[in-house]
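First the structure, in the form of structure tokens, and then the observations on it.
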Amino acid sequence: MKITLINGSPKVKSSASGALIEDFKGYLGEKAEVVEVGFHTTTLTKEVIEEMSKTEAWVFVYPLYVDGIPGHLLSCLVQLEQACLQNPQIHIYGIVNCGFYEGVQAELSLKILQNWSLKAGFVWGGGVGIGGGGGLAMMPKLEPGHGPKAPIDKALQGLSETVLKKVVHENCYVSVAFPRSLYRMGAQSGWRQMIKANGGTAKDLSKIPE
Amino acid sequence: MKLIITDINNFNIPVEGEYKLINPQGDIHHCVGCFGCWVKTPGKCVIHDGYEGTGTDMGKCTELILISRCCYGSVSPFVKMVQDRAISYIHPDFVIRKGEMHHKRRYKNMITLSAYFYGEDITETEKETAINVLKANVENYDGLIGDVYFYKTLEELRGVTL
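Listed in order, the protein sequences are those of chains A and B. Just so you know, my numbering puts the end of the first sequence at 210, numbered straight through with nothing missing. Just so you know, my numbering puts the end of the second sequence at 162, numbered straight through with nothing missing.
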């Protein structure tokens, strides 16, 4: 079986989507041939579309942007619909990472991806919404199923089995395994470190520009 | 002030009162996820292509009106890229509202968000998704939901006054 893993982050390197793709590949193991493509900008080449059309499942991995799909990725989806592949043999899956703690905040984004897959003539296979994705790219690599990523590992493993069987998976929503209050504190302390590194102060985070 | 974000190039829909229009005027760069609008130049996007000030414009408006082709229950790529580039309207810190994590306010203004979608073949599911996405946007902007309309063609929309 040939599967396309699509990195839908605008970042070419060090993205949470990239980290999730690495984990997901581990669950697929040798059971599938994987094609990796990056949808980091607004347009796709004919070669990428051609390569994808030869695979049986497409797994979109991307960040949640303003309750939906990032604009550049949406532009790629429009292009893919216009390519008129209309292939009911291709199953579509989604993995969405949210900066918010609750994975369920990715529900509408997955719904948009599902609506797209139907309109473009593919089969919707289901997805996973991951909450607390803000720290994923920085998390230490632990044994699967251990540490704060344990619920995410379980969800990714479940989805990988679904993809390999080319069946339909009900969307599932998970969060990192540590308290929301700590996640919030960690994120907010991160913003303060970042603004200080840029020569500002914590107070500047609340600036109202002219 | 009304802030209108639309993908219509030749915008000629009548608008009552003061307004600002953001429509395609040269290429827009997509959000690159750098968070510079929160931690480098708070309140403004760091990409200088003419679309960097939408967050500040949102801070001055009372009505935010999206006029967009409906793409699978989402706004179109152009309108979405403008929205993505305007997250500086909100503050990076988090608050809990209705049991869910959202961002804190940066501004005091209360935005009423309304939308005019167009498209030949918008399905009922896509309409439902679009309405729910706008409701979710309102939760994140800590604003109010206005009216949401769907039209088959742009011509139908030209009879509307905003």
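Glycine is no exception: its CB is placed at the ideal position from the N, C-alpha and C atoms. These figures come from a predicted structure and were not determined experimentally.
query	result
Counterpart residues of A/T4 in DSSP-defined beta bridges	A/V35 and A/W58
Residue-chain proximity (B/I25, chain A), Cβ-Cβ < 7 Å	It should be pointed out that residue 25 of chain B corresponds to Gln in this sequence rather than to Ile. Chain A contact via Cβ: absent.
Min CB distance B/Y72 to chain A below 7 Å	yes
A/V183, DSSP secondary structure in three states	It is worth fixing the name first, because residue 183 of chain A is Tyr in this sequence and not Val. Looking at A/Y183 - three-state DSSP - the assignment turns out to be helix.
The region 48–78 of chain B: positions lying closer than 9 Å to chain A by Cβ	G53, G55, T56, G59, C71, Y72, G73, S74, V75, S76, P77 and F78
Cβ-based neighbour list, A/V104, same chain, cut-off 7 Å, excluding 5 preceding and 5 following	G129 and Y173
Spatial distance of B/V39 from A/A187 (CA atoms)	13 Å
Contacts of A/N198 in chain B (Cβ-Cβ under 8 Å)	V39 and K40
Pairwise C-alpha distance: A/K207 and B/I90	11 Å
Best match in B/E18, B/T125, B/Y72 and B/V138 for proximity to B/I87 [C-alpha to C-alpha]	B/V138
Below-7 Å beta-carbon distance, A/W124 vs any chain B residue	no
Pair within 7 Å by beta-carbon distance, B/G73 and A/N87	no
Reduced DSSP secondary structure (H/G/I, E/B, other) of A/I112	helix
Inter-residue Cα distance where the pair is B/T125 and A/Q193	43 Å
A/C84 classed as buried or exposed, judged by whether at least 16 other C-beta atoms fall within 10 angstroms	exposed
Through-space distance from A/G135 to B/G36, alpha-carbon basis	17 Å
Per DSSP, cross-strand counterpart(s) of B/F117	B/S68 and B/F150
Three-state secondary structure assigned by DSSP to A/F24	helix
For A/L77, the first and last residue of its enclosing alpha helix (DSSP H)	G71 to Q82
8 Å contact criterion, which B/R106 and B/Y51 should meet: CB distance rounded	Actually they are not in contact, since the Cβ atoms of B/R106 and B/Y51 sit about 18 Å apart, beyond 8 Å.
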